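S.K.: Residue numbers (my numbering): 6 to 250. Positions of the beta carbon are idealized from the N, C-alpha and C atoms, including for glycine. Quantities reported herein were computed from a predicted structural model and do not represent experimental measurements.
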């Protein structure tokens, strides 16, 4: 919903009034607000309007979720939300779409860029997917970063992930996951949203297209490597769906 006025004075008054209602009930209230509106309606939310809305609330009494920060970080062009604390969030999935997808390079580096941003007000990292039960590796990577002081070596991390997942140090498996991390799980297309246009999950139609941000040959190679390793894994208890990627 777009506010009826873009006047900064009006926008500050709105957020001030909302916060006053909150503190009337709980004097220690902290407003947790999604920052999605600043991204979804950039025609309205210019710097003056964003700052006005955020500064209607005392600094530190609002926490903003930078909701889609792995692809569309807002903190970087709002001077860390003009002083309000924020949480760097990985959205990863829109609408519960099923299909291979990831932005591992951005996920790996993004939280640390936010942490070291000039006058950073970062207070945490989080995950805000619209659906789960897909691409568990991206969530595992994101979760691990909470314990890290710097980005991980993605090639090494992918290899160790394969060992944890399959209980095997077979080179086929580690090589397969390194391929996946360098291709289908590493979308670097600017402003790309994972809405998954794959024909496999669409209603039947004669007019279909699909977005591919990777070389399909890499996915086929990874699949072949995992299939070749399958016979030796039949007696093992695997983490996740058997032989799923």
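Does the distance from the C-beta atom of residue 87 to that of residue 60 stay below 9 Å?
M.R.: If you number the chain shown from 1, residue 87 lands on position 82. If you number the chain shown from 1, residue 60 lands on position 55. Yes; because the gap between Cβ atoms is below 9 Å, this pair is in contact.
S.K.: Would you report the Cα separation of residue 203 and residue 23, rounded to the nearest angstrom?
M.R.: Within the chain shown, residue 203 is the residue found at index 198, counting from 1. Within the chain shown, residue 23 is the residue found at index 18, counting from 1. So the two alpha carbons sit approximately 42 Å from each other.
S.K.: Report the residue from 196, 153, 126 and 217 whose alpha carbon sits nearest the alpha carbon of residue 188.
M.R.: As a position in the chain shown, residue 188 is number 183, starting the count at 1. Ranking the options by Cα distance to residue 188, first place goes to 217.
S.K.: Would you check if the region 103-113 and the region 59-77 touch, i.e. whether three or more CB-CB distances between them fall below 8 Å?
M.R.: Judged by Cβ distances under 8 Å, the region 59-77 makes contact with the region 103-113, as three or more pairs qualify.
S.K.: Closest by CA to residue 21, which one among 139, 118, 62 and 172?
M.R.: Counted from its first residue, the chain shown places residue 21 at position 16. It is 62.
S.K.: Does the separation of the CB atoms of residue 136 and residue 99 fall below 9 Å?
M.R.: Taking the first residue of the chain shown as 1, we reach residue 136 at position 131. Taking the first residue of the chain shown as 1, we reach residue 99 at position 94. Yes. Within cutoff.
S.K.: Would you report the Cα separation of residue 174 and residue 47, rounded to the nearest angstrom?
M.R.: On the chain shown, position 169 is the one that residue 174 refers to. On the chain shown, position 42 is the one that residue 47 refers to. Cα to Cα, residue 174 sits roughly 48 Å from residue 47.
S.K.: What are the partner residues of residue 182, as DSSP defines its beta bridges?
M.R.: Residue mapping note: residue 182 aligns to position 177 of the chain shown, counting from 1. Answer is none; residue 182 lacks a bridge partner.
S.K.: Could you tell me the distance, in whole angstroms, from the CA atom of residue 168 to the CA atom of residue 132?
M.R.: On the chain shown, residue 168 is found 163 positions in, with the first residue counted as 1. On the chain shown, residue 132 is found 127 positions in, with the first residue counted as 1. Distance between residue 168 and residue 132, taken at the CA atoms: about 25 Å.
S.K.: Can you give the Cα-Cα distance for residue 36 and residue 144, rounded to whole angstroms?
M.R.: If you number the chain shown from 1, residue 36 lands on position 31. If you number the chain shown from 1, residue 144 lands on position 139. Rounded to whole angstroms, residue 36 to residue 144 spans 26 Å at the Cα level.
S.K.: Rounding to the nearest angstrom, what Cα-Cα distance links residue 231 and residue 237 in this structure?
M.R.: Translated into the one-based positions of the chain shown, residue 231 becomes position 226. Translated into the one-based positions of the chain shown, residue 237 becomes position 232. Rounded to the nearest angstrom, the two C-alpha atoms are 11 Å apart.
S.K.: Got a sec, what are the start and stop residues for the beta strand (DSSP E) residue 287 sits in?
M.R.: Nothing can be reported for residue 287: it is not among the residues displayed for the chain, which extend from 6 to 250.
S.K.: Kindly provide the ranges of any alpha helix (DSSP H) runs that are 4 or more residues long and lie completely inside the region 161-216, ordered along the chain.
M.R.: 176-186
S.K.: Would you mind sorting residue 146 into buried or exposed? The rule is 16 or more other CB atoms within 10 Å of its CB.
M.R.: Within the chain shown, the letter at position 141 stands for residue 146. Result: buried.
S.K.: Does the separation of the CB atoms of residue 191 and residue 171 fall below 9 Å?
M.R.: Here the question's residue 191 lines up with position 186 in the chain shown. Here the question's residue 171 lines up with position 166 in the chain shown. No, the pair does not count as a contact, with Cβ atoms beyond the cut-off.
S.K.: With respect to the beta strand (DSSP E) encompassing residue 130, which residues constitute its N-terminal and C-terminal limits?
M.R.: If you number the chain shown from 1, residue 130 lands on position 125. Start and end: 127-132.
S.K.: So residue 92 and residue 129 are in contact, right, with Cβ under 8 Å, and what is the actual spacing, rounded?
M.R.: Taking the first residue of the chain shown as position 1, residue 92 is located at position 87. Taking the first residue of the chain shown as position 1, residue 129 is located at position 124. Contact holds; Cβ gap of about 5 Å.
S.K.: Buried or exposed: residue 69, going by 16 or more other Cβ atoms within 10 Å of its Cβ?
M.R.: Counting from 1 along the chain shown, the entry for residue 69 is found at position 64. With 16 or more other Cβ atoms within 10 Å, it is buried.
S.K.: Determine the direct distance from the alpha carbon of residue 142 to that of residue 166, and round the result to whole angstroms.
M.R.: Indexing the chain shown from 1 puts residue 166 at position 161. Indexing the chain shown from 1 puts residue 142 at position 137. Cα-Cα distance, rounded: 8 Å.
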